[in-house]
Amino acid sequence: MSETLKTVEKTLQVLRAFRRGETELSTAEICRKLKVSRTAVTRILATLEQAGFLERASDGVKYRIGVAACEVGALYLTDNPLTKLADQTMLGLAQQTGFTSYLGKLYGDEIVILGVREGSQPIRFLWTPGDRLPAATTATGKAMLMSMDRSELDRILGVGRLTGLTAQSLQTREDLDLQLDRHRAGRWVPMAEESYPGVCGVGAAIVDVTGAPIAGISLSFLGGADEGLSLERYGELIVAAADAISQKLRAQSSYFSATKSENDNRSFRAPINSASPAAADQESR
23 MSETLKTVEK TLQVLRAFRR GETELSTAEI CRKLKVSRTA VTRILATLEQ AGFLERASDG
83 VKYRIGVAAC EVGALYLTDN PLTKLADQTM LGLAQQTGFT SYLGKLYGDE IVILGVREGS
143 QPIRFLWTPG DRLPAATTAT GKAMLMSMDR SELDRILGVG RLTGLTAQSL QTREDLDLQL
203 DRHRAGRWVP MAEESYPGVC GVGAAIVDVT GAPIAGISLS FLGGADEGLS LERYGELIVA
263 AADAISQKLR AQSSYFSATK SENDNRSFRA PINSASPAAA DQESR
């Protein structure tokens with residue numbers, strides 16, 4: 023790999039070091055996270071700050087994501103056929119069940135939240151677009167993983183222990199494989215307090231004509247929430263929603279061409295901090 027490409031790769035790693043719970047980082051913290059020399063990180067931070075992709079935090083020492091990065095992210099969300107076509111289906115799910123609906127996509131071994139339609143329950147828990155979580159801790163991520171063969175799962179997740187966020191998170195690939203095998207026939211998979219205590223959900227994959235997963239969609243609710251529907255019924259609803267979005271996307275062949283060429287970034291093993299992210303917003307109304 024040329025020195026230029028190595029520098030680009032390090033620059034992208036610096037940007038991805040910021041996440042929920044770690045929105046402000048010092049030079050030393052970034053060096054420790056990425057195991058990159060202070061000299062290299064300092065140079066990259068100066069370049070990103072000058073370009074507007076990073077800015078100084080209020081203490082004048084740490085950095086946070088800048089307005090240029092926000093602009094690029096907003097363009098992805100507003101001009102992506104997937105998020106546009108999924109939104110109305112997600113809104114319908116939220117209105118029908120009162121639960122929150124999420125759209126997410128795999129990036130390496132993480133799921134990135136692309137869209138949210140908030141439910142109407144009095145107490146709600148929310149992740150927001152741009153949040154990223156270990157894929158095996160979410161219904162959206164597990165739904166996508168369930169649509170892949172074992173060799174692809176090995177490449178994305180490895181074959182040993184999994185990164186978890188709670189005491190209920192699946193611990194190993196064996197645990198995950200067993201759960202996916204149990205639910206593969208029904209095409210939906212549950213999540214029980216694996217990404218945040220008390221939060222449960224069901225997810226299904228949005229797929230292309232070959233059955234390869236493009237994204238995942240889920241319903242999320244506080245544990246014990248029940249509107250007269252069984253967990254299986256929620257599963258049926260989320261599969262029907264995923265199928266509806268898949269059919270809409272199939273009418274846009276150009277979208278599948280772009281998706282195939284980018285290969286969903288699945289070969290990239292994104293670094294994950296094992297510490298739990300900060301609590302997402304919880305509202306009582």
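The opening residue of the sequence shown carries number 23 in this note's numbering; numbering runs sequentially from there.
All C-beta atoms in this analysis are idealised placements derived from N, C-alpha and C, irrespective of residue type, glycine included.
- V138 has its alpha-carbon roughly 29 angstroms from the corresponding atom of T194.
- For P103, the uninterrupted alpha helix (DSSP H) run begins and ends at P103 to T119, by DSSP.
- Take L99, set aside five residues on each side of it, and the residues of its chain with a beta-carbon closer than 8 angstroms to its own are T105, L136, G137 and P151, in chain order.
- Distance from A264 to A234 at the Cβ level is roughly 13 angstroms; contact not present, criterion being Cβ atoms closer than 8 angstroms.
- Annotation: the continuous alpha helix (DSSP H) that includes M166 extends over A161 to M168.
- Within the same chain, R60 and V63 come within 6 angstroms of C53 by CB-CB distance, once the 5 residues on both sides are set aside.
- Taking every protein chain shown into account, the CB of R154 has 16 or more other CB atoms within 10 angstroms, so this residue is buried.
- In this structure, DSSP gives T185 a state outside helix and strand, which the three-state scheme calls coil.
- DSSP places E46 in the coil class of the three-state scheme, outside both helix and strand.
- For the options R41, A79, R78 and A108, the alpha carbon positioned closest to that of R272 is the one of A108.
- One thing to note: S48 has its Cβ within 8 angstroms of the Cβ of K84.
- Residue pairing by DSSP places F243 opposite C222 in a beta bridge.
- Within 10 angstroms of the beta-carbon of D81 lie fewer than 16 other beta-carbons, which makes it exposed.
- In terms of Cα proximity to W210, the closest of V224, Q201, D199 and P219 is V224.
- Per DSSP, the unbroken beta strand (DSSP E) holding T122 starts and ends at T122 to Y129.
- Taking a cut-off of 8 angstroms on C-beta distances, the segment 154-165 touches the segment 179-195, as three or more cross pairs fall below it.
- Boundaries of the alpha helix (DSSP H) around V94: V89 to T100.
- The residues W210, V224, G225, A226, I239, S240 and L241, in chain order, have a CB closer than 7 angstroms to that of I260 in the same chain once the five nearest residues on each side in sequence are set aside.
- For the 8 angstroms CB-CB criterion, T111 and L148 do not form a contact.
- In the three-state DSSP reduction, A266 falls in the helix class (H, G or I).
- In this structure T162 is buried. Its beta-carbon is surrounded by 16 or more other beta-carbon atoms within 10 angstroms.
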